[in-house]
Structure formats: C-alpha cells, structure tokens
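Novice: Top to bottom, those sequences are chains H and F.
Here the first sequence stands for residues 2 to 323, numbered as in the working numbering.
Here the second sequence stands for residues 1340 to 1712, numbered as in the working numbering.
In this text, a Cβ means the ideal position worked out from N, Cα and C, and glycines have one as well.
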Amino acid sequence: MRVFWLRRGVQAIGLLMALSFVTFLSLALAPGDPFATLEERPFLSPETRQAWRRQWGLDQPLLVRYGRWLAHVAQGQLGYSLEYQMPVSELIGARLGATLLLTIAANGIAWGIGFPLGVFAALHAYSWFDRAHTVFATVALTTPRFFLALVALIFAMTTGWFPLGGIRSIGIEGAAPLERFLDVLHHLVLPAVVLSAHPLAVISTHTRGHLLDALHTPGVRAARAKGLPRVTLLWRHALRPALAPVIVLVGYSFGSLLSGSALVETILAWPGLGQLIVESVFARDPDVLMATVLIGGACVIVGHTLADALLMMNDPRSRIEA
Amino acid sequence: MGASLFHRVWTYPRARRLLGIAVGSYLVALLAGFIAPYDPRAQDRSAVKAPPHRLRFRDAEGRLHRRPFFHPWRIVDRARHQYEEDRSRYYEVAFFVRGEEAPLFLGLKTSYHLFGVLSRSSTHREPSGVAGEESPPRVYLLGTDHLGRDVFSRLVHGSRPALLIASLSLVGAFLIGFVLGGVAGYYGGTFDAVLMRMGELVESVPLLFLLLVWRAVLPLDLSVEASLFTLIALFVLVSWTSIARVTRGCVLSLKAQEFVLGALALGASPGWILRHHLFPNALTPALIQATLTLPSFLLGEAALSFLGLGIPEPEPSWGSMLAVARDLSVLRAQPWLLVPGLALWGFVALFTLLGEAIRAAWDPHHPASAPAF
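(1) Going by the DSSP bridge assignment, what does Y1422/F pair with across the sheet?
(2) Could you tell me which chain H residues have their CB closer than 9 Å to the CB of T1691/F, listed as they occur along the chain?
(3) Between V203/H, R209/H, P242/H, S205/H, which lies nearest to P219/H when the distance is taken from Cα to Cα?
(4) Where does M291/H land, buried or exposed, given buried means 16+ other C-beta within 10 angstroms?
(5) With a threshold of 6 Å on Cβ separation, who are the neighbours of F1645/F within its own chain once the five nearest residues in sequence on each side are excluded?
(6) Does the pairing of the region 1691–1700 of chain F with the region 1631–1640 of chain F give three or more beta-carbon distances under 8 Å?
(7) Under three-state DSSP, which class holds V1478/F?
(8) Where does the unbroken beta strand (DSSP E) through T206/H begin, and where does it stop?
(9) Taking all protein chains shown into account, decide if P145/H is buried (16 or more other Cβ within 10 angstroms of its Cβ) or exposed.
(10) Give a yes or no on whether the minimum CB-CB distance between G113/H and chain F is below 9 Å.
(11) Quick one: grab the DSSP three-state call for R1698/F.
(12) Taking Cβ positions only, does A1523/F come closer than 9 Å to chain H?
(13) Are any of the Cβ atoms in chain H nearer than 9 Å to that of L1667/F?
(14) Name, please, each residue of chain F whose Cβ falls closer than 7 Å to the Cβ of T208/H.
(15) What does R1671/F touch in chain H if you count any residue whose Cβ is under 7 Å from its own?
(16) By how many angstroms is the C-alpha of R1536/F removed from the C-alpha of G1588/F?
(17) Between which two residues does the beta strand (DSSP E) holding S1450/F run?
(18) Is there a Cβ of chain H sitting closer than 9 Å to that of P1352/F, yes or no?
(19) On a Cα-Cα basis, can you pick out the residue from G297/H, F283/H, V289/H, A215/H that is closest to F255/H?
(20) Report back the beta-carbon spacing between H1452/F and P1379/F to the nearest angstrom; my notes put them in contact at under 8 Å.
(21) Would you identify the three-state DSSP class for S82/H, choosing helix, strand or coil?
(22) Expressed to the nearest angstrom, what Euclidean distance is found between the alpha-carbon atoms of V1387/F and A1381/F?
(23) Under 9 Å between C-beta atoms, does S281/H make it to chain F?
(24) Just to make sure I have the definition right: I need the residues of chain H whose C-beta is within less than 8 Å of the C-beta of W1553/F. Which are they?
(25) Taking Cβ positions only, does R1419/F come closer than 9 Å to chain H?
(26) Could you tell me how far apart the beta carbons of V265/H and P192/H are, in whole angstroms, since I believe they sit closer than 8 Å?
(27) When DSSP labels each residue in this structure, what does V1387/F get in the three-state scheme?
(28) What separation, rounded to the nearest whole angstrom, lies between the Cα atoms of R1428/F and R1393/F?
(29) Go through the region 1528–1552 of chain F residue by residue and report every complete run of the alpha helix (DSSP H) that reaches 4 residues or more, in order.
(30) Say whether chain H places a C-beta atom closer than 9 Å to the C-beta of L1344/F.
(31) Count the other CB atoms within 10 Å of the CB of A107/H; is the residue buried (16 or more) or exposed (fewer)?
(32) Taking only beta-carbon atoms, is F163/H less than 9 Å away from chain F?
(33) Mind pulling the chain H residues with CB within less than 8 Å of V1556/F?
(34) If I follow the unbroken beta strand (DSSP E) through R1406/F, where does it start and stop?
(35) Just to confirm, is the Cβ distance from A308/H to L250/H under 9 Å?
(36) Going straight from the alpha carbon of G1521/F to that of A1565/F, what length do you get?
What follows is the structure, encoded as structure tokens:
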C-alpha cells in the first residue's frame, strides 16, 4: 500500500513537471512577451525597457528561466501577476477556494443523484422510469454548459429565487457567520446545479449500463437461483463488479468539472480559477497561466488517484497487482 | 472493414435516420447562402435589436391570405429600441424569391433565396401597391442583434464554421491518432512509452484550461482563416490521444493473434503487416472513437468563440452570437438572441446520438448501447 502511494506521488510530480515545462515552453515561444504592449508606448526609452526585461529575467535563455521558475515553485512561490500586480499565490488562494467549493458541491450533486438514479434505472430497466431517465440523461449530456448557465441566469432573473451571479451579497460582511454561510450557499446553488448536469448524466448512464450488464451475468443468475434476497444480490453480487468502470469516472468528473467551471464561472460571475484563467488569457499573464494549469493538472491527478484508491477498496484483485 | 461498418450503420434504423439528419445539416451549411435570406454581416440601422416579425395568414378584417405576411416594425422609442407593428402596411413572404446575390460554395453564386419578401408593397386599401416604391423591408424571422443584423441569417451561416472546424479536427485527430497509436502499439518500446506519456500529459489537464493556455500563445486578434486554422490545430492537439489509445489497444491484441504470426513466418515485413493486417482491423474501433469526439469539437468552438477567442466578428459563430446574450439587460429585452444556443444544442445532440448509434450498430453488446427505447 505504501509502495502504491509512493509510486503515485513520484508519477504525479513527474507529470506535473513535464506539464509545466511544456506550458512554459509554449508560453515562452509565443510571439511577443508581456512587455510587448508596453513597448509600443513612445515615452519609454529603450534603456528602461531593457532594464525592465532584465529585472524580470526575460533576457536569460529559456532553460535558465524555466529553472528559476521551478526553483521558485519549489519554495512555494508561484510568480507574480503582471495584470493584478500581486503575487500569484495570493491571487490564486482565494480563487482556488471558490472553485473547490463549486467543484465539490457539483461533484456531490452529480454522484449523490446520478448514482442512485442509475441503480434505480437499471433495476427497473425498460420501465417508464428508465425511459424518462434516458431522455433526461440525453438532454443533460448534450446541453452545452454555457447555454445552460444562460438559461439559469434567465431562471434566476424571472423568478428572483436566486442571486444573479457572484459568491456573496453586497453588505453581508458585517452579518453573523451563519448568515454569511447561508448567503454563500444560496449563491452556490445555481452554478453547482448547472455544472453538475453533465457529469450527473454520465454517471447515471454508466451506472445503469454496467449494472444492467452485471445483473445478467451467470454468477448473479446462479445467486438468484440459490434464493438470495434481492438486496444481497444487488449490493454484493451485482453492484461491486459493476462499480469498477463507474469508479473510473471519479477522475473524469474532476477534470470535466474544472473544465466546465471556466465557462460557468465566467457567466455566473463566480470568482474562481476558471474565471481567472480566461482573464489571464486576455491579459497574457504567463505566471498566472502557468499556475492555473498546474493546479488544474494537480486536481485531475488527485481525482485519478482517488479513483484508483477506490478501485482497490472495491476489487481485491487490483490490490495484488498494486 | 470500412464498407462493413457503413453496411451495419445502414441496416441499423436509428443510425441510418441520424445519419440522414447529419447529412441534412451539412447540406444546410453548404447551401447557407441560399437558405439564409440576407448577408450575415449586413447591418440594418433602422432595425437595431428588432424583435422577430410575426408571420400572419389572417389580417385585421379577418380575411385569409394565400401567403404569410407581416407588418413591418415602426420605431416607437429609438433609445430603448422599442418597436410596434405598422398595421397600415403589409408585405408577403414567399419561397424562392430573388434577392441580393450571395456566394454559395466553390465560387458559385445565387441570387435566389429559399424565402424572401415579395417586392409588391400593399396597403389594406390599395392592394395593387404603390408603383416605384423602394425595395421591401427585410423580414426577420428571429429578430436582429445589437447591430441590426439578421439573427436567422447569422444562425444559418454559423453552422459553417461549426461543422467545418468539427469535421476537419475530426479528420486531423483521426489521422494522427490512428497512425501514431498503431505504430506505437506494434513496435512498442521507447516510442510507445513516450507517446503514451504525452497522451497522459494532455489528458491530465482540464480540456478547456489546455485550450485556453494554448490559445494564449497566439495573438488575440487573428484573421478568420488564421483563427479557423488555430482552432482546428488546437482541437487536433488535445484530442488525438483517445483515438491513439483505442488504436494502440486494438493493435496490441491483434498482433498476438496467429494470423499475424503466420504473416511474419511467411516473411512479411513489419510495415506490410501493419498496413495489410493491423491498420484495416483497427480502423473501425478508431473511427467510432473519432465519431464520439466530434460533439466536443462543436462545443469547443462555441466555447472559445463565446469567450472571444474563436471566430472573430463580424463572421457569424454561434458562440460569439451567444456572447452578446451574456448581458442581463440583453437577456431580458432580447431573448431571441438565445436561439444560437438551441441550434448548438441540436447539433451536439445530433452528433452525440449519431456517434452512439454507430457504436451500437457495430457493437450491440457495448454497455452504453443498452437502449431504453
């Protein structure tokens, strides 16, 4: 078990380093650096520009710059945002919290509803419920997220039940902690629901499909012939083998949710990582882009590792191989 | 193998129906200049933010008309963009009407459009119309945007970049993924290891994050052609991996089979085996995997255009059309600007269902193929 975690850790670090290098390389090779727009201003003397470039280390060769960046990251410094004029770690700290809150809430909705839905649909396969579930899943799977976010905005606007974006109401700072918490929760509902629609449908359709397959295996038929109660049949004999391909989706849902958050956060004004990355593409803020990609990658790796750990809990055979 | 896949799709009713609709959608994109009544870039300053025209058959006096007609908009409040129907005039809409000349495809031009406004202007009292009047007003089936451009024409023309980018990305990702995955699976070794690690690298980042960062490498304002090429290159770069993995898996299992060993014993070279035995056998699964990724290209193009990083204005794209509707006041006052979202939804649904139907036609035992209908 310890070997497993050790190996996963080394793999993750290697992957993140490769990822950062590729990102660094592509951003460094981009035509024009962050000072390109400044250089168009006539009042800057060439000496000043040179001094700035030297100050930011842009006159150094590529590998030296990457080495420096890596050394800084190892010390916990993610660089400096030219757009916001603040350290990236400070900038990202609050944003990451907001995105994690959103992602975890959406994950909770997706698994909490999607999994039981899939199980129920498989147990009542080809019933009206199953049909309705398939229609719902197809609609949810194919709805573009940003369109759904716009629809949510209209919904909030016409009903007035939910706030129109943002993470907290104006003037809530002075309120009691519980009130502030409830306020954030109120703001969280729409983005989380919008974000969870797609993974929810993926989870429920996969659960249904794999469980339906498992229910028709000879083993389960034999267990039924033996007279096992339905509950044992489901939980012990059908669900566990069916679970493996579903658990793999844990890793997928992290990546998918982060990806979707970039759009949903932009539309619903949720001050998270996704919104930040979109802004820094326009601002050409290399340190912020590097940091967001790294954090995005780290989140996906955490998701995949979590999925592998769950797989081992579920399937004794995979424990031998690891 | 490819012909066999086509045969299975053709004999599988659901896949055949969906294939028919997909071909129809390509036809719409191809004939956009004919189906759209107006130039998608043309601005009508007299009808900024105008709501959709109401097509009627029955007039105020209860008479039934042979053709649908509409009352042109009259500006009530220029500042707030409020319009009311000008009941004193009406114009008839008909199929196959001569209008402005529009490019079709391959340099062909058309001056006939699927539908248009008849130039005969009429009042209720004088059905014959006033001779020598200026050209008829434009009909806006889906209203106009903030620059007075016809939303319906933009919608029809917007299917072109969507389908073009999605199809070319599909071809590019398929070719690269298929060849790389096949070679990696057959030869193994360092090339295989490096390729698979590269694939993992691409897949370890949330897709949109990756697209955005790589988009940041290039200048923000690109020409239409450059942005088309950029988007296709980006999509190929992030999506070859799944196709490569499927192909590699197929080749790995195939090369352990006797017929490959037999070919080797007969003195066939690795390249020959790859070309004559492995690639043809891995083709169908790889094709199916490629089809399943097509909707993500549609969504990706719309998402990047929505964020202002895709197809530049004034070229119509569903994503950039929707970007206007982000504004709450716009959303409230001009809900018809959301229609591109419905079109995108329809296209994504169509190609998702088509991909699943093709997979079901080929492999009815796939877990995701158990139908509920």
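Specialist: This is what the structure gives:
(1) I1414/F
(2) T139, L142, T143
(3) P242/H
(4) buried
(5) G1658, L1661, A1662
(6) yes
(7) coil
(8) First-last for T206/H: 178–216, but that is the alpha helix (DSSP H), not the beta strand (DSSP E).
(9) buried
(10) no
(11) helix
(12) no
(13) yes
(14) Those within 7 Å of T208/H in chain F number zero; the least Cβ separation is about 10 Å.
(15) M158
(16) 15 Å
(17) 1448–1456
(18) no
(19) G297/H
(20) At roughly 13 Å, the Cβ-Cβ gap does not stay under 8 Å, so H1452/F and P1379/F are not in contact.
(21) strand
(22) 12 Å
(23) yes
(24) S27
(25) no
(26) 5 Å
(27) coil
(28) 13 Å
(29) 1528–1542
(30) no
(31) buried
(32) no
(33) S27, L28, L30, A31
(34) 1403–1409
(35) yes
(36) 31 Å
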